[in-house]
Each structure stands twice: as C-alpha cells, then as structure tokens.
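The structure appears below as structure tokens.
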C-alpha cells in the first residue's frame, strides 16, 4: 500500500487547504481551495446534518463544480464562514457566471458543512458577531499544500466519542496511478477506539505508523453498543465531516457513487456511525486531471480505496489530537 508524498488530501495536485482556530472560543474553520473549479457531489448519512449549497450539487442541477469548500465548527453559526469565502472569491471574480458583464457579480459556489462544538467549554459569548467569518478569512489566507492534523481548523473544538477529536487527512495512490485523498473533521458520537484499548478501529488500514502503530486486537468482541460514545449528547451535537478528492476524471454521478462508497470509511473507523445524532457527510471532488479508460472497474476500485483512506484520515485526526 502506498500513501502519497504528504499523506494528505493535497497529494491530489491542484488541491490546497487552509485552517484557522480560535483557542479562546475552542473552535475553527477549514477551507479547501482548488486551483480551478472542481466537479463535486455529496452524500449525507447522518441524522442531524448542517449544510449549505448541498442541494446545488444534486445530479439534476445546473452547477456541477465548486470554487471552494468550507468545514466549520460552530453549528449553525459556522455556516456563516462560507459567506466570507464567497465574498473573497467574488472580489477576485472567481465563480459561476452566465454573462461577462463586469458590473454583474459572479457567484462563487462554496458548499459548507458544520459540526457542533458549542458545549466544549470555550467562550461562546460572541453576541451578534460570531467568529466564523473572521476565521474563514484567516483560513483562506493560509491555504497551502500542508495540512496540520489534530486540534486544528474545523476540528479545533471537536470530540470523538468520549475522547478528543480533530482534523485528519490521508492519501493513497492506486496501481493505475490515480490519487485519492481524504480530509476529515471528527466530532463523532461514536468511539474511534476498540473497547478498553487505545487501538483504533481503523487499525487494519493503517500504513506504517501513521496513527501510532498500535496494532489491533486479535479478536474484538461483540459489544453491541460501546460505552465510550457521547451517549448523553443530544441531536446535532455530533458530526464527522469528510472530503474525498481524486485526480481521476469522474462524472458527477460517478462522484456521487464515490461519496457513497467513501461513507464506509466512517463505519470502519467509528462505532457507531451514521446515527440519528450525527451529521455525517461526505463530499467527493475531482480535478479531472487523469483520463479513466475503464470507468466501471476504476470507480469500483477508487470507491474501495476511498473507504480505507477516510478511515485512516479519521484515525490520524484523533491520534494527532490526543
């Protein structure tokens, strides 16, 4: 198995990521900015999602490419982070347009998803000025090919089950030379650890010692409902936000299937996943840089890879946050 050079979503050429956090508030924002608009699709599996512009990514809509993507803490307040990114890109005239009139603003397509970190002890007394537009501007200014995992960006105030959560990333290069990368902000209801250990459910998919090399028990006993979840949490207080990117030239329907298959990575890394109190969501993106000669086979392979890469990104985020 082979990870990319940075073991990051930015191993997909043309993808950059920036993060910002407010340690006093215990929250943050992560912005994914492609060099050029990327084809995109989305799959939502959690029972308590918080999103923006996901309807625009439906397969029967006008737009199938995005100009940026925002992941944020702050629950509903965090959706305002995308406003700042839209304004900044619009000022650069980066966005969807039906006319070339310079007097008519362009429309940057910036989907967003949020997680709940309002009850983590940070100072949330922001009145009528939540910090998320400011954090989004800082994250946008910080975009690069380096992604720092752990309590950063959208994962700055996150928790995973009964443990610290965080921002994680991973990548994989297929035998055909396609790169698949994942970015995950882990604020899950479910636990990332095998019961009674600090061994990750995602351990079978680990490459090298990327999340500690702790191994996996020879036998994980059936436990029904794990005791180290956020069992006391109410709906919308949990979410794992995921972005999967590839350089394979996939259509919007193909990306939808890639997102569906990538959701398996949450089930491989967290127990339970996709519950009524989670807002689990996967965005799938393509730079369309590399031609696909065997679409059905390649999509099936990339979907399988994506599930593993997502599981690894989740474990890396939690490991770094420890």
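Residue numbers (the working numbering): 69 to 390.
All C-beta atoms in this analysis are idealised placements derived from N, C-alpha and C, irrespective of residue type, glycine included.
With 16 other CB atoms within 10 Å as the buried threshold, where does residue 385 fall? Buried is the call here.
Helix or strand or just coil, what does DSSP make of residue 339? Here DSSP, grouped into helix, strand and coil, assigns residue 339 to strand.
For residue 303, which residues in the same chain have their Cβ closer than 8 Å to its Cβ, ignoring the five residues on either side in sequence? Annotation note: pLDDT 45 at residue 303 (below 50); position unreliable, coordinate value reported separately. The answer, listed in chain order, is 115, 116, 344 and 345.
What residue ranges within the region 231 to 264 form continuous alpha helix (DSSP H) runs of no fewer than 4 residues, ordered along the chain? At a cut-off of 4 residues, not a single continuous stretch assigned as alpha helix (DSSP H) sits fully inside the region 231 to 264.
Which residue from 189, 91 and 259 puts its Cα closest to that of residue 203? When each option's Cα is compared against that of residue 203, the closest is 91.
What is the DSSP secondary structure of residue 167, counted as helix, strand or coil? Per DSSP, reduced to three states, the secondary structure at residue 167 is coil, with no helix or strand assignment.
Contact between the region 216 to 231 and the region 118 to 126 (3+ Cβ pairs under 8 Å): Between the region 216 to 231 and the region 118 to 126 there are fewer than three C-beta pairs closer than 8 Å, too few to call the two in contact.
What is the rounded straight-line gap between the Cα of residue 174 and the Cα of residue 162? Using only the alpha carbons, I get a separation of about 7 Å.
Cβ atoms of residue 83 and residue 102: under 8 Å apart, would you say? Yes, the Cβ-Cβ distance between residue 102 and residue 83 is below 8 Å.
Beta-carbon proximity list for residue 376, same chain, < 8 Å, skipping 5 on both sides: Counting only Cβ-Cβ distances below 8 Å, and skipping sequence neighbours, we find 240, 273, 333 and 336.
Cα-Cα, which of 165, 171, 199 and 187 is closest to residue 150? It is 199 whose Cα lies nearest to the Cα of residue 150.
From the beta carbon of residue 147, is the nearest beta carbon of chain B less than 8 Å away? This model lacks chain B altogether; it includes just one protein chain.
Cα separation between residue 339 and residue 364? The alpha-carbon atoms of residue 339 and residue 364 are separated by roughly 30 Å.
What's the gap between the Cα of residue 159 and the Cα of residue 221? Residue 221 has its alpha-carbon roughly 24 Å from the corresponding atom of residue 159.
Quick one: what does DSSP say residue 324 is sitting in, helix, strand or coil? Here residue 324 sits in helix by DSSP.
Do three or more CB pairs link the region 310 to 317 to the region 276 to 285 at distances below 8 Å? As far as the Cβ criterion goes, the region 310 to 317 does not touch the region 276 to 285, which means the pair count is below three.
Does DSSP classify residue 299 as helix, strand or coil? Here residue 299 sits in coil by DSSP.
Other residues of its chain near residue 73: CB distance less than 7 Å, five sequence neighbours each side excluded: Closer than 7 Å at the Cβ level, and outside the excluded window around residue 73, lie 79.
Which partner residues does residue 287 have in the DSSP bridge list? None; residue 287 has no bridge partner.
Alpha carbon to alpha carbon, how far is residue 283 from residue 234? Give it in angstroms, no decimals. Distance between the alpha carbons of residue 234 and residue 283: 21 Å.
Taking all protein chains shown into account, do 16 or more other C-beta atoms lie within 10 angstroms of the C-beta of residue 206, making it buried, or fewer, making it exposed? Around the CB of residue 206, 16 or more other CB atoms lie within 10 Å, so the residue is classed as buried.
Return helix, strand or coil for residue 268, following the three-state DSSP convention. Residue state, collapsed to three classes: strand.
Looking only at C-alpha atoms, which of 136, 367, 312 and 373 sits nearest to residue 179? Looking at the Cα atoms, 136 is the closest of the given residues.
Short Cβ contact (8 Å threshold) for residue 147 with residue 120: Yes, they are a contact pair.
Just grab the DSSP bridge partners of residue 40 for me. Within the shown structure, residues of the chain are numbered from 69 to 390, placing residue 40 beyond reach of any answer.
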